[in-house]
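Chains as they are written, first to last, in this note's numbering: chain A, 1 to 485; chain B, 1 to 485.
C-beta atoms are modelled at their ideal positions from N, C-alpha and C, and glycine is treated no differently.
2 protein chains.
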Amino acid sequence: MAEHTMTLTLEKISAQVLNKVTPSQKEREEILSLTEKLVEKVKVAAEKAGVEAEVRVEGSVAKDTWLREEPDIDIFMRLPISLPRETFEKVGLKIAKQATKGLKQVERFAEHPYLEAFTENSTRINIVPCYKVKPGEWVSATDRTPFHTDYAMPRLNEQLRSEIRLLKRFMKGVGVYGAEIKVGGFSGYLCELLILQYNSFVGVLESASNLRDAWLIDYEGYYKGRENELPKIFEEPLIVVDPVDKGRNAASAVRKEHLIEFVAASREFLQNPSLEFFYPQETKALSSNQLLSEMKKRGSTLVFVKFGQVKAVPDVLWGQLYKTQRALRKMLEQNDFHVIRDSVWSNDQGLNILVFEVEHGRLPLVKKHLGPPIRKKAECENFLRKHVCSAETVSGPYIEDDRWVVEIKRKHNDIVTLLHEKLRDGGRQVGVAELISRTIGKAFKIMVNEQVMKLYSTEPQFAKFVTEYLNAKPRWVKKTHAIKV
Amino acid sequence: MAEHTMTLTLEKISAQVLNKVTPSQKEREEILSLTEKLVEKVKVAAEKAGVEAEVRVEGSVAKDTWLREEPDIDIFMRLPISLPRETFEKVGLKIAKQATKGLKQVERFAEHPYLEAFTENSTRINIVPCYKVKPGEWVSATDRTPFHTDYAMPRLNEQLRSEIRLLKRFMKGVGVYGAEIKVGGFSGYLCELLILQYNSFVGVLESASNLRDAWLIDYEGYYKGRENELPKIFEEPLIVVDPVDKGRNAASAVRKEHLIEFVAASREFLQNPSLEFFYPQETKALSSNQLLSEMKKRGSTLVFVKFGQVKAVPDVLWGQLYKTQRALRKMLEQNDFHVIRDSVWSNDQGLNILVFEVEHGRLPLVKKHLGPPIRKKAECENFLRKHVCSAETVSGPYIEDDRWVVEIKRKHNDIVTLLHEKLRDGGRQVGVAELISRTIGKAFKIMVNEQVMKLYSTEPQFAKFVTEYLNAKPRWVKKTHAIKV
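So, in structure tokens, the structure goes:
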């Protein structure tokens, strides 16, 4: 009975979601007509540039798996492999610019440059060059895409397309959709492969929710009978062998944390199906007073490192931001600052902020330094010789348990001073990523706790970020989940 | 050449020390004459009490291994095993009191009561009852003592007595002499056994300084060929099989830390022989201003827990103090206060102080609480159910690495409040020892950092203790040691 009710709820919710995410016939036609026009324009531009190009629609529009709320048109031009790399890149960009003349254009860069353009009503268009290669003879990273389209198309039907749309929307809602570095989540193609494997949205979630160790999917059975070799071949936590290239993990972009979040969200959803997984409530930023009171409630030290524009496309920027975040966290911990959590925020206006929350922003000046165990005679002698006379020694050396110990002056006992000192020259030595180091080397600002107030009250997106940081709970974890089993 | 110089120095120092510690003929005669008189008095008192007692001189006076600076007269009365325990204790004390009438008397208690008395010039006299038993048929803890005397006497000569006196004085100087609980060090009898084993003071130190793992001594060879069984039979780090009782470790009182200190001091002394090992400089207490500046230099939080008289003999008192110290340290650490060091001080006037130095006296209010790893599905559900709605939850639950984590309100974030709460009722629940709990249950006082100033400036012995705590360096570790190899 209970199961029956749940199935009903699931069906009801799925229907509601499908209603939102499935484009109407009219919308489909509009997008397709826009796409056709663009394909034509790319063809013309290519001809004009004197390049032999096979122009194709790829991605979710080609496969009719796009979400109505955010169509994303991918137009690929397959160029001859005879073109040298440099020409390939230049001419690709030139054609794309020519074809989208009059639209808002942004140059992007994955492995090679491509163009992002936007229509008046914000539909995104990606115009991407790739090489026209035979399967397996990949030259550039995007060469597989047409094969992905060709692989998926004949295997999809109306039902599966709906399941894909549900899965994509669920992943968006949970925050694990998108293979870009910033997200490190599931690509649209990966969603399609998951649906092909498990036939339904719920099937994918059930499989995820029962996950214990590795998650291995080999739809084409390339590794049949030797699946246990997969984790040795691919190092990622989720391994989905790409049907068009058995040497590639189609899930290589999925960071472990997002796989785990997806698993946890799947379980919660199956237990407590709700529309909110697909459409979480927008975070409402705390008021300034609420923020102050939250900070006081924590009693920790929140340190914000703010710096300006880093000239890099999103994937590069986020790669560098994450690398810098890891490096600074490590540096802080090596200096005995106990990091509770850390995070990073960046906006399109070139404002970047790293957050480190530590238990104490100031440490005692004295620090225990462990020496050798007594049984190591020669080392003990050296230790005594070094520390008995040292100006750094505060107390000792003395014997504790079975070793010499000395209490020495801590080099850095204030987190702000420490960060200033390490970042002053850009911070390359402590592992700040190169492009970020260039920006930081010019200027950066450190704010502690309520010093962030001014920025908080003038940057609504930042305020939302800080609010979410303080809340920390994934948006799909709701109080109701605590009541039901 | 260098070795020759060192031997000379060693000999010179030994001669100086012997000159100080060896009683003159006149002093010997005085002590022996005093001892004889006391033996006579004990005999008379025993007769008067109608008890058949064999009265004997034991210990360092009997064996002529006493240090001139602090003679310690041990008079034992061996009583018939037919005496019931209660009578034995009562009558023993009665005889002792009668025999030392007119002298200052202090009742003491080891396993059973005995009497400590002091002559006008502060010579200590212990009058101790024991049972007159056959070897191996021990009834009370002191029954072995006469056998120890009988064992050592025929094996000692003038030379060995000097070596024993050197070793005792060295151990006193280093702070590891005395089997009482307060010290947990080497007894006089143990010093004698060590000299019998190694023939000389330097021999003992050389053996100690080369120690790597266990130190096993079986002078009578009771365990010959199966020495490797000894660490299984006895659990202590130093095992010296008692020649009069192969089932007893004559070094069982030696705490590991003191064994290790002795090892380290032995090495240092052999490298840099100096009179200071035997006669360390008295600690000069810091002035109040110096103390404040030292505290500031450390930047830590020093917490002093002060309480009044505990009615117990020293061995019981110190056992309880150490137990309480360990229990409170553990309690503080369980509450996330990071203890740098701790210590305990007590004086004869019934003032007791425990010291805990922590990195931070206040912790952030928020505390990370790790939940189950994601693969444990049922546990994850319980964790979410428990924390999503809880009033204790500050942030989360969220996923970190591969597990759920929640940030909760810390129960205690102030060390003073915590200690007050845990000690208010005497602290039995957190492991405060029984007799101390009775005292603390009535009243105690907590002082933090400079709040200790008043006590510091009125109690010179306490001031010395705090100064030594802050210095932490064993007094025999000298700056000169750093210069020579």
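{"query": "Measure from the C-beta of B/D402 to each C-beta in chain A and report whether the shortest distance is under 8 Å.", "result": "yes"}
{"query": "By a C-beta neighbour count over all protein chains shown, 10 Å radius and 16 as the cutoff for buried, is B/R298 buried or exposed?", "result": "buried"}
{"query": "Could you tell me whether the Cβ of A/A378 comes closer than 8 Å to any Cβ of chain B?", "result": "no"}
{"query": "Around the C-beta of A/D143, are 16 or more other C-beta atoms found within 10 angstroms, so that it is buried, or is it exposed?", "result": "buried"}
{"query": "Output, in sequence order along the chain, the residues in the region 440-461 of chain B whose CB is closer than 8 Å to any CB in chain A.", "result": "none"}
{"query": "Less than 8 Å between CB atoms is the rule here; does B/S293 satisfy it with respect to chain A?", "result": "no"}
{"query": "Can you name, in chain order, every residue of its own chain whose Cβ lies under 7 Å from the Cβ of A/E359, other than the five neighbours on each side?", "result": "S300, H338 and I340"}
{"query": "Under 8 Å, Cβ to Cβ, is there at least one residue of chain B near A/S300?", "result": "yes"}
{"query": "Could you check whether the Cβ of A/K12 sits closer than 8 Å to any Cβ belonging to chain B?", "result": "no"}
{"query": "Whole angstroms is fine: what's the gap from B/E69's alpha carbon to B/P129's?", "result": "26 Å"}
{"query": "Note down the Cα distance separating B/N289 from B/V452, rounded to an integer number of angstroms.", "result": "13 Å"}
{"query": "Assuming A/D402 and A/P373 make a contact with CB atoms under 8 Å, what is their CB distance in whole Å?", "result": "5 Å"}
{"query": "Any contact between the region 129-138 of chain A and the region 88-97 of chain A? By contact I mean 3 or more CB pairs, one from each, below 8 Å.", "result": "yes"}
{"query": "Where do the ends of the beta strand (DSSP E) carrying B/K276 lie?", "result": "Contrary to the premise, residue 276 of chain B reads as Glu rather than Lys in this sequence. Neither: B/E276 is in no beta strand (DSSP E) and is coded neither H nor E."}
{"query": "So B/L286 packs on B/V240, CB below 8 Å; how close in whole Å?", "result": "That pair is no contact at about 40 Å."}
{"query": "Could you give the distance in angstroms between the alpha-carbon of B/D72 and the alpha-carbon of B/W66?", "result": "7 Å"}
{"query": "Can you confirm whether B/S252, when its beta carbon is compared against all beta carbons of chain A, has any partner nearer than 8 Å?", "result": "no"}
{"query": "So does A/E392 have its beta carbon nearer than 7 Å to some heavy atom of the ligand COA?", "result": "The ligand content of the structure shown is nil, which means the ligand COA is not present either."}
{"query": "Tell me the DSSP secondary structure of B/L216 in three-state form.", "result": "strand"}
{"query": "Which chain A residues sit within Cβ distance under 7 Å of B/K368?", "result": "I340"}
{"query": "Buried or exposed: A/G173, going by 16 or more other Cβ atoms within 10 Å of its Cβ?", "result": "buried"}
{"query": "Let's see if you can read the secondary structure: which residues bound the beta strand (DSSP E) around A/K445?", "result": "K445 to V448"}
{"query": "For A/Q439, count neighbouring Cβ atoms within 10 angstroms of its own Cβ and tell me buried if that reaches 16, exposed if not.", "result": "The sequence shown places Thr at residue 439 of chain A, rather than the Gln named in the question. Buried, since its Cβ has 16 or more Cβ neighbours within 10 Å."}
{"query": "Just checking my contact of B/V313 with B/R169 at CB under 8 Å: how many whole Å lie between their CB atoms?", "result": "About 27 Å; that fails the 8 Å criterion."}
{"query": "Using a C-beta to C-beta distance shorter than 9 Å, which residues of chain B count as neighbours of A/V477?", "result": "L384, V388, G396, P397 and Y398"}
{"query": "Going by DSSP, which residues form a beta bridge with B/Q281?", "result": "None; B/Q281 has no bridge partner."}
{"query": "Could you tell me which chain A residues have their CB closer than 7 Å to the CB of B/L365, listed as they occur along the chain?", "result": "K297, R298 and G299"}
{"query": "For B/L419, which residues of its own chain have a beta-carbon under 6 Å away from its beta-carbon, when the five flanking residues on both sides are left out?", "result": "I446"}
{"query": "Can you tell me which of A/Y223, A/W345 and A/L384 puts its alpha carbon nearest to the alpha carbon of A/F304?", "result": "A/W345"}
{"query": "For A/L115 and A/A96, which I take to be in contact (beta-carbon distance under 8 Å), what is that distance rounded to the nearest angstrom?", "result": "4 Å"}
{"query": "Taking B/K101 as part of the alpha helix (DSSP H), name the residues at either end of that continuous run.", "result": "B/K101 -> no alpha helix (DSSP H), and no H or E assigned at all."}
{"query": "Under 8 Å between C-beta atoms, does A/P474 make it to chain B?", "result": "yes"}
{"query": "Just checking: is the beta-carbon of B/M1 within a distance shorter than 8 Å of some beta-carbon in chain A?", "result": "Here the model assigns B/M1 a pLDDT of 43, short of 50, so the residue's position is not dependable and the matter cannot be decided."}
{"query": "By how many angstroms is the C-alpha of B/L34 removed from the C-alpha of B/Q486?", "result": "Because chain B in this structure spans residues 1 to 485, residue 486 of chain B falls outside the shown range and cannot be described."}
{"query": "Please identify the residue among A/G175, A/P243 and A/K224 whose C-alpha is closest to the C-alpha of A/L196.", "result": "A/P243"}
{"query": "Does any CB atom of chain A fall closer than 8 Å to the CB of B/E257?", "result": "yes"}
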